[in-house]
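**Student:**
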């Protein structure tokens with residue numbers, strides 16, 4: 228008989244099987260149907276077709292606007308994303324005693340796959356037959372290197388005052404840390420935002436002559452994107468499956484409202500970024516138009 232400890236292939240599939248086995252098939256199917264509908268609502272939400280996507284893809288924003296957007300985005304989600312993942316891992320303890328002892332381990336296992344990517348690990352074995360990884364390749368430090376490319380100084384990062392919109396997005400996720408179900412559904416929605424906006428942010432950055440073939444933008448997007456080494460869609464799917472295990476029908480209305488409100492805040496975030504960029508552009512145009520007049524008057 229083969230050793231159980233040798234059965235280590237297809238880890239994602241094994242975790243999902245274990246989660247599914249912790250519920251009745253009827254409850255799993257009911258929860259899955261609710262989540263399918265919620266995902267459709269997210270796909271139809273205004274943030275999914277926000278004008279910012281086309282603007283970024285078109286490379287229409289200058290360095291100043293993109294510097295601000297990156298500082299705003301950093302505050303809203305980049306700095307706290309792994310905090311939320313770790314909060315979800317801790318709060319999975321809330322599954323017990325409703326579910327059987329150890330039911331929290333399979334979702335923690337799936338969350339760890341996301342953590343490993345975020346922390347700079349890569350699949351495979353190193354030269355010593357151990358895990359491959361480097362904390363320098365963790366996603367947050369990689370984002371800081373993008374800011375380096377944008378010539379944003381450490382002092383500018385420390386003293387930057389984020390907009391109310393950026394603060395609202397951040398605080399909404401932070402306030403969910405005490406509830407397993409809440410933080411998981413918001414993480415799933417956040418992954419969708421990353422999938423939607425990372426490729427446009429990459430293109431807008433590329434348009435300014437900044438290399439995006441390595442680093443942060445190379446590891447964000449979807450797994451089928453040949454221009455990146457990303458797996459955000461895998462992690463998003465994992466989070467929805469984790470939520471499928473955790474939900475009970477009485478929570479459906481509240482969770483749907485919570486998730487869609489987070490999408491509202493993201494839509495407001497991107498609307499604010501476009502408005503600020505347009506205002507800055509108009510101000511520069513006004514200064515450029517008036518400068519010759521002032522010179523002649525002098």
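In the working numbering, the protein residues as written are 228 to 525. All residues carry an ideal CB built from backbone N, CA and C; glycine is no exception. These figures come from a predicted structure and were not determined experimentally.
(1) Tell me whether the beta-carbon of residue 411 lies closer than 7 angstroms to the beta-carbon of residue 259.
(2) Can you tell me whether DSSP reads residue 359 as helix, strand or coil?
(3) So what does DSSP say about residue 237, is it helix, strand or coil?
(4) Roughly how many angstroms separate the alpha carbons of residue 436 and residue 398, rounded to a whole number?
(5) For residue 325, count the other beta carbons within 10 Å of its own beta carbon; 16 or more makes it buried, fewer makes it exposed. Which is it?
(6) Please give me, in chain order, every unbroken run of the alpha helix (DSSP H) with length at least 4 that falls completely inside the stretch 329-404.
(7) Could you say which of 369, 320, 400, 492 lies nearest to residue 344 if we only look at CA atoms?
(8) Can you give the Cα-Cα distance for residue 339 and residue 252, rounded to whole angstroms?
(9) According to DSSP, simplified to helix, strand and coil, what is residue 455?
(10) I need the DSSP call for residue 422, collapsed to helix, strand or coil.
(11) When every heavy atom of the ligand MN is checked, does at least one fall within less than 6 angstroms of the C-beta of residue 336?
(12) Using 8 angstroms as the Cβ pair cut-off and three pairs as the minimum, do the stretch 427-447 and the stretch 491-505 touch?
(13) Can you tell me which of the three DSSP states residue 266 falls into?
(14) To which residues of the same chain is residue 419 closer than 7 angstroms at the C-beta, ignoring the five residues directly before and after it?
(15) In terms of residue numbering, what span does the alpha helix (DSSP H) encompassing residue 294 cover?
(16) Can you give the Cα-Cα distance for residue 257 and residue 439, rounded to whole angstroms?
(17) Is the stretch 376-392 close to the stretch 304-321, with three or more CB pairs under 8 angstroms?
(18) For the alpha helix (DSSP H) holding residue 283, just list the boundary residues, first then last.
(19) Report the option in 502, 509, 507 whose CA atom is closest to the CA atom of residue 278.
(20) Where does residue 246 fall in DSSP's three states?
(21) Quick one: what does DSSP say residue 447 is sitting in, helix, strand or coil?
(22) What distance in whole Å lies between the Cβ atoms of residue 292 and residue 504, which are believed to be in contact at a cut-off of 8 angstroms?
(23) Since residue 330 and residue 322 should fall inside the 8 angstroms C-beta cutoff, what is the C-beta to C-beta distance between them, to a whole number of angstroms?
**Tutor:** Once the coordinates are examined:
(1) Contact flag unset, no.
(2) DSSP, read as helix, strand or coil, puts residue 359 in strand.
(3) When DSSP states are grouped into helix, strand and coil, residue 237 belongs to the coil group.
(4) Straight-line Cα distance between these residues: approximately 33 angstroms.
(5) Of the residues assessed, residue 325 falls on the exposed side of the cut-off, its CB having fewer than 16 other CB atoms within 10 angstroms.
(6) Entirely contained in the stretch 329-404, the alpha helix (DSSP H) runs reaching 4 residues are, in chain order, 332-346, 366-376, 381-386, 391-401.
(7) Closest option to residue 344, Cα to Cα, is 369.
(8) Our two residues, residue 339 and residue 252, have alpha carbons roughly 25 angstroms apart in a direct line.
(9) Because residue 455 carries a pLDDT of 49, less than 50, the predicted location of this residue cannot be relied on, and no value is offered for it.
(10) Correct three-state label for residue 422: helix.
(11) Because no ligand of any kind appears in the structure shown, any question about the ligand MN cannot be addressed here.
(12) The stretch 491-505 and the stretch 427-447 do not touch, with fewer than three beta-carbon pairs separated by less than 8 angstroms.
(13) The three-state reading of DSSP puts residue 266 in helix, counting H, G and I together.
(14) Sequence-distant partners of residue 419 (beyond 5 residues in either direction) whose C-beta falls short of 7 angstroms from its own C-beta, in its chain, are 269, 463.
(15) For residue 294, the enclosing alpha helix (DSSP H) has its first and last residue at 290-300.
(16) A direct Cα-Cα distance of roughly 42 angstroms separates residue 257 from residue 439.
(17) In short, these stretches do not touch, since the Cβ pair count stays below three.
(18) Segment 278-284, the alpha helix (DSSP H) holding residue 283.
(19) Distance check between residue 278 and each of 502, 509, 507 places 502 closest, using alpha-carbon atoms only.
(20) Residue 246 falls in the helix class under three-state DSSP.
(21) Note: residue 447 maps to coil in three-state DSSP.
(22) Sure, about 4 angstroms apart at Cβ, within 8 angstroms.
(23) Rounded to the nearest angstrom, the Cβ distance from residue 330 to residue 322 is 5 angstroms, consistent with a contact under 8 angstroms.
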